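Notes follow the structure.
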Amino acid sequence: MRHLPYALAALCLTTLLPTAQAAEPDGAKPTKLKGLLITGGCCHDYENQKRIISEGLSQRISISWDIAHEGGDGRDHQVSIYKKENWADDYDIIVHNECFGGVTDDEFVKSIAAAHYMGKPAVFIHCALHSYRNSTGGADSWREAIGVTSRKHDKGKRSLKVVNQAADHPIMKDFPKTWDTPNGELYNIEHVWDNCTPLATAYSVQEERDMVVIWANEFGGTKMFGTSLGHHNETMNNDIWLDTVARGVLWATDHLQKNGEPEKGYEGTGEKPIVIGNPVAEPDPKFQKKN
Numbered sequence: 694m695r696h697l698p699y700a701l702a703a704l705c706l707t708t709l710l711p712t713a714q715a716a717e718p719d720g721a722k723p724t725k726l727k728g729l730l731i732t733g734g735c736c737h738d739y740e741n742q743k744r745i746i747s748e749g750l751s752q753r754i755s756i757s758w759d760i761a762h763e764g765g766d767g768r769d770h771q772v773s774i775y776k777k778e779n780w781a782d783d784y785d786i787i788v789h790n791e792c793f794g795g796v797t798d799d800e801f802v803k804s805i806a807a808a809h810y811m812g813k814p815a816v817f818i819h820c821a822l823h824s825y826r827n828s829t830g831g832a833d834s835w836r837e838a839i840g841v842t843s844r845k846h847d848k849g850k851r852s853l854k855v856v857n858q859a860a861d862h863p864i865m866k867d868f869p870k871t872w873d874t875p876n877g878e879l880y881n882i883e884h885v886w887d888n889c890t891p892l893a894t895a896y897s898v899q900e901e902r903d904m905v906v907i908w909a910n911e912f913g914g915t916k917m918f919g920t921s922l923g924h925h926n927e928t929m930n931n932d933i934w935l936d937t938v939a940r941g942v943l944w945a946t947d948h949l950q951k952n953g954e955p956e957k958g959y960e961g962t963g964e965k966p967i968v969i970g971n972p973v974a975e976p977d978p979k980f981q982k983k984n
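So the sequence shown is residues 694 to 984, counted in our numbering.
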């Protein structure tokens, strides 16, 4: 893959700041993977979504979590762990489920992308795509790490018919030919980067074309998995969504077999319902504004 100077030039932030630690019970056998979930920001029920993601994935794959949940419901917060030197080093996978579209600090955004370009796998969920979009000099490094560019979504919320476009890909094993999501907010994808492989699409009534909604990407040779699905708790707290994201984590960390099953030893604790309160997701009135 071609060299990206902007991604490599930004590994210089040295402020040490704490991150939330998810302790394991005394005497517990170490899990195979260590994940960092970054979450917070506007427009979504991140309090419940961090439970859905961390508990749902732990049921399906062998992983423990640190969770950095910051920023309230703001749009311009800079997550503190990103300012820590070598912030990603302690983790096998970074899961981005944040919504900070108002951040304009180019060097800050480039430094996040640089950690992934230098070899740290990641998963990007829903509003991570729209985060940092107002960073005019850094946004493209973030978008290339994700694999797609999106600046807006369809108006209104509705069930989305998701079509499996890559049934032979390990991530899409056991994904149905089509899946009608319980609810959905469809992101408009304006550009698919060169190293991105679309895995599933959904049709935009507003734009009158298919939009990529699940994909696999490589950034600097590092594997990245992404999905724009996940605005609503009822979609995220669904076996199809959780199974797919779990396979995405295993694929990004090279622990997914060709048949879509975890490598031996990377199985989870076993699936069970995650009971949460009523979903809360408020629209962002500034969402349709251009950068």
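For every residue, glycine included, the Cβ atom is placed at its ideal position computed from N, Cα and C. Computed from a prediction, not measured in an experiment: that's the story for all the values here.
Segment limits, beta strand (DSSP E) that includes residue i
i    : result
F912 : 902–912
G919 : 915–920
S897 : 889–897
I760 : 756–762
N881 : 880–885
V788 : 786–792
Inter-residue CB distance, residue i and residue j (contact presumed, cutoff 8 angstroms)
i    : j    : result
I805 : W835 : 7 angstroms
G961 : P863 : No, G961 and P863 are not in contact; Cβ-Cβ is about 17 angstroms, not under 8 angstroms.
T937 : I907 : 7 angstroms
V841 : G919 : 7 angstroms
T874 : S897 : Contact flag wrong, Cβ pair sits at about 14 angstroms.
K916 : P814 : 5 angstroms
T928 : G877 : 6 angstroms
S757 : T732 : Contact flag wrong, Cβ pair sits at about 16 angstroms.
P754 : Y959 : A small fix is needed here, since residue 754 is Ile in this sequence, not Pro. So it is a contact: roughly 6 angstroms between Cβ atoms.
C820 : G734 : 7 angstroms
Proximity to residue i [Cα-Cα], best of the options
i    : options                : result
T829 : F801, A859, A808, K727 : F801
G997 : K803, A939, G749, N790 : This structure leaves residue 997 out entirely; the chain is present only between 694 and 984.
I854 : T894, I818, S757, T890 : Sequence inspection shows Lys at residue 854; the Ile mentioned does not correspond to that position. Selected option, being the one with the closest Cα: T894.
L935 : L750, K725, Y775       : L750
N930 : C735, T732, G941, E748 : E748
P891 : V856, H924, E900, H925 : V856
To test your reading of the DSSP string, which unbroken alpha helix (DSSP H) runs of 4 or more residues are found completely within the stretch 923–966?
926–929, 932–945
In chain order, which alpha helix (DSSP H) runs of at least 4 residues are fully inside the stretch 794–877?
799–810, 832–839
Whole runs of the alpha helix (DSSP H) within the stretch 720–746, excluding any shorter than 4 residues
none
Contact between the stretch 733–741 and the stretch 760–775 (3+ Cβ pairs under 8 angstroms)
yes
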